[in-house]
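Notes to accompany the following structure.
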Amino acid sequence: MGDEEAKNLPMELSEKGGVENNGFVQNEAFDEKEASTSSQEEIPKTCVVGVNPAALEESALKPYAGMPKEVLLKFSKQARYRVTREILFWLIIASAVVLVCATIAIIALSPKCLDWWQASPIYQIYPRSFKDSDMDGNGDLKGIQEKLDHIMYLNIKNIWITSFYKSPLKDLGYGAEDFYDIDPMFGSMADFENLIAAIHDRGLKLIMDLIPNHTSDKHRWFQLSRNREGKYADYYVWQDCAQAGGSLAPPNNWVSVYGNSSWQFDDVRKQCYFHQFGKEQPDLNFRNPAVRQEIHDIIKFWLGKGVDGFSFSTVKFLLEATHLRDEPQVNKLQNPEDITAYSQLYHDYTTTQVGMHDLLRGFRHIMDEFSSEPGRYRFMSSDADDKEDIEATMMYYGTAFIQETDFPFNFYLINLKNLSGNSVFEAVNLWMKNMPEGKWPNWAVGNPGSARISSRIGKEYVNVINMLLLTLPGTPITYYGEEIGMENIASEEVSEELMSSVPETFPEKSPMQWDSKFNAGFTEGNSSWLPVNPDYESVNVETQKSWSNSSLNLYRELTSLRNTELPLQRGWMCHVWNDSNLFVYVRELDGLDRVFMMVLNFGQESTIDLEAVVPNLPLEAFVRLSTNFSNAGKVVNTRIVKTDMGEGLVLQYKTANPVHTMKAFQENCFVAEKACYSPAFNLLYMNC
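Here it is, written out as structure tokens:
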């Protein structure tokens with residue numbers, strides 16, 4: 001029978017149904033037997049119906065799981081399946097495009113994240129006075145490692161350790177004998193490597209000191225230079241000393257920072273070497289390319305060890321004029337032979353010479369080479385300390401095209417002569433108004449070379465000074481012990497041997513006061529290198545942890561507030577009032593209706609009507625923090641805000657009229673890393 005004839009035959013339909021297919025093929029014998037039996041036992045009754053086979057197959061066949069490719073393709077070509085599939089395909093493509101575009105837009109509009117040196121305060125440690133681990137009376141690197149939990153307790157993530165290079169004790173470590181080694185007093189290189197590993201394990205960062213201007217006279221370079229050996233002959237600044245009346249006379253009238261001539265005769269070389277500081281600290285010759293390369297190699301060595309940043313000290317002294325002319329006298333009528341003090345000359349030829357900033361840019365280049373790894377930006381700062389010339393200080397930021405330091409250290413609050421609301425405002429305003437656009441400020445209220453807050457301005461102002469430090473825009477820098485209000489020790493308690501070793505100050509370097517035990521928990525030895533302050537039984541970390549209204553707990557509350565509130569991290573700072581007693585300013589962020597107003601008293605008891613000062617100020621404000629803990633959580637009337645001597649308030653309120661948008665205050669408002677808040681999407685963006 002042909003295919004065409006088969007198609008035209010009527011279909012026989014079984015009234016009883018067909019034979020079940022069990023999904024496997026049996027052997028032929030079984031098939032024949034089954035077929036024979038079936039033919040005998042089951043004779044179906046059939047009827048003939050005229051049906052189109054193609055139409056019947058189309059109507060009977062439906063999609064089912066596991067259908068073969070041929071059947072699947074047959075259905076996939078049908079319009080109802082093809083259109084649905086195409087719609088889903090283009091929806092997925094459109095969604096992916098929208099997602100990519102949204103991601104690009106968020107990245108493009110998002111402000112730069114604050115880097116680690118911006119996001120957290122910096123805690124400065126003088127290592128000899130922080131914690132002694134081996135009972136010799138001197139703090140060391142192991143001692144710092146033991147106390148890392150204290151720094152984390154303060155909500156601080158950045159540690160700055162002052163010089164601990166191998167050095168003669170005579171110059172307190174400020175003139176290195178070996179830049180590649182640790183002084184045995186502080187431990188070993190293995191101790192340093194363990195310390196930096198522990199620091200990084202806790203998510204902390206380490207900043208080191210580097211004083212490139214000079215070395216110790218015990219340094220190998222100096223010993224080779226004084227003997228005129230090879231390339232080292234010109235590593236320092238050497239000059240012939242003129243003969244005058246049978247005695248040696250220096251080449252000019254230059255005076256060292258510590259007083260008397262900057263020139264010291266060397267019996268070995270029979271010449272004078274130049275020193276801007278102590279005679280044990282000869283200045284390196286930075287006009288020599290080999291010296292510059294030596295310093296670059298030192299920087300690379302420590303960055304290779306994992307150091308996260310450097311503080312370069314005494315950088316304005318790196319170069320001196322080659323013409324060696326006498327520096328001008330402050331008092332022209334003074335007898336030149338009587339000039340012995342640093343303050344008696346204008347230092348036109350020994351500080352901030354042409355080319356000095358190029359040296360800093362060279363340091364910056366090395367830091368940038370090690371900053372290519374994600375999350376490992378290397379921080380760089382310097383101590384400009386040009387007290388009389390704010391413009392010269394700002395040059396250390398670099399230019400719009402060439403970066404130098406991330407910031408020069410700001411010592412203007414330390415150098416305040418008379419504390420008042422006006423003087424604090426002037427110090428803050430001086431920095432903020434002169435800081436280049438887009439740069440980041442910083443603030444310090446203590447360091448190893450200045451008296452502690454308690455001793456400098458009075459213990460009643462410790463808390464309000466810390467409140468100022470931690471609520472201003474920028475990076476706050478805290479010198480160890482200021483968080484508990486430590487005071488200087490009396491000068492007469494310092495041994496004559498230490499006082500005569502180098503013209504340095506010691507009272508602010510007294511050992512850290514950890515608890516009320518013997519030697520304040522600083523050492524388990526019989527004595528410490530400097531006496532512990534007698535007030536250690538009440539002024540110590542352990543005791544203040546248990547006092548709800550202690551300086552330590554206030555400091556911790558302030559750092560926590562700074563870390564969690566966007567306006568304090570990167571918002572606007574607007575000065576709204578200052579007088580002999582008060583300094584008042586706000587911190588606010590575009591798009592956020594929550595505002596913080598600091599009312600800080602640096603004088604006597606005072607009352608102020610803030611509503612009269614700031615238009616549209618809410619009648620009531622919430623006291624978020626106060627130096628008087630009993631006031632925290634209260635609500636104050638903004639028309640009558642009272643503060644006692646040394647009291648500070650952090651007021652919080654909501655407003656739709658931020659101060660920085662008011663025309664009357666626009667010249668008093670500053671922002672470093674501008675950002676705007678979107679409450680709808682709960683994210684920060686730019687271009688608001």
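Each residue of the sequence shown is one higher than the one before, starting from 1 at the first, in full-length UniProt numbering.
Each residue gets a CB set at the ideal place from its N, CA and C atoms; glycine is no exception.
- Using a C-beta cut-off of 8 Å, the region 400-409 makes no contact with the region 421-429, since fewer than three inter-stretch Cβ pairs fall below that distance.
- Of the residues 344, 376, 669, 658, the one whose Cα lies closest to the Cα of residue 333 is 344.
- Here residue 210 is buried, its C-beta having at least 16 other C-beta atoms within 10 Å.
- Contact annotation: residue 530 and residue 517 have beta-carbon atoms that are not nearer than 8 Å.
- Residue 271 and residue 382 have their C-alpha atoms roughly 32 Å apart.
- A residue is called buried when at least 16 other Cβ atoms come within 10 angstroms of its Cβ; residue 476 meets this threshold and is buried.
- Contact annotation: residue 572 and residue 676 have beta-carbon atoms that are not nearer than 8 Å.
- Looking only at 540, 507, 222, the smallest Cα-Cα distance to residue 519 is reached by 540.
- The criterion of a C-beta distance shorter than 8 Å is not satisfied by residue 141 and residue 217.
- When secondary structure is reduced to three states using DSSP, residue 86 falls in the helix class.
- At a Cβ-Cβ threshold of 8 Å, residue 214 and residue 283 count as neighbours.
- Between residue 528 and residue 132 a beta carbon distance of about 7 Å is seen, short of the 8 Å cut, so the two are scored as contacting.
- Residue 553 carries a helical assignment under DSSP once its states are collapsed to helix, strand and coil.
- Segment contact: the region 551-559 against the region 456-476, three or more CB-CB distances shorter than 8 Å; contact assigned.
- Using a Cβ distance threshold of 8 Å, residue 252 and residue 202 do not count as a contacting pair.
- Between residue 523 and residue 185, the C-beta spacing is not below 8 Å.
- DSSP places residue 645 in the coil class of the three-state scheme, outside both helix and strand.
- Residue 528 sits in coil when the DSSP states are folded into three classes, being neither helix nor strand.
- In the three-state reduction of the DSSP assignment, residue 573 falls in the strand class.
- In the structure shown, residue 638 falls within a coil segment according to DSSP collapsed to helix, strand and coil.
- Cβ neighbours of residue 259 within its own chain (closer than 8 Å, five residues either side excluded): 340, 341, 342, 503.
- For residue 630, there is no enclosing beta strand (DSSP E), as DSSP marks it with neither H nor E.
- The alpha carbon of residue 336 has as its nearest neighbour, out of 62, 415, 255, 152, the alpha carbon of 255.
- With contacts defined by Cβ atoms closer than 8 Å, residue 160 and residue 311 form a contacting pair.
- DSSP, reduced to helix, strand and coil, places residue 398 within a strand of the structure shown.
- The straight-line gap separating the alpha-carbon atoms of residue 279 and residue 239 is approximately 15 Å.
- Just so you know, the alpha carbons of residue 306 and residue 204 end up roughly 12 Å apart.
- Assignment of residue 442 by DSSP, reduced to helix, strand and coil, places it in the strand class.
- Take the alpha-carbon of residue 661 and the one of residue 86: they are about 52 Å apart.
- Between residue 596 and residue 581, the gap from beta carbon to beta carbon reaches 8 Å or more.
- Note on geometry: alpha-carbon atoms of residue 460 and residue 647 lie some 8 Å from one another.
- Within its own chain, the residues whose Cβ lies closer than 6 Å to the Cβ of residue 616, once the five positions on either side in sequence are excluded, are 657, listed in chain order.
- According to DSSP, residue 476 shares a beta bridge with 443.
- Distance from the CA of residue 228 to the CA of residue 276, rounded to the nearest whole angstrom, comes to 22 Å.
- Excluding its 5 nearest sequence neighbours in each direction, residue 577 has C-beta neighbours in its own chain below 6 Å: 584, 613, listed in chain order.
- Each residue's CA atom was taken as its position, placing residue 290 and residue 105 some 49 Å apart.
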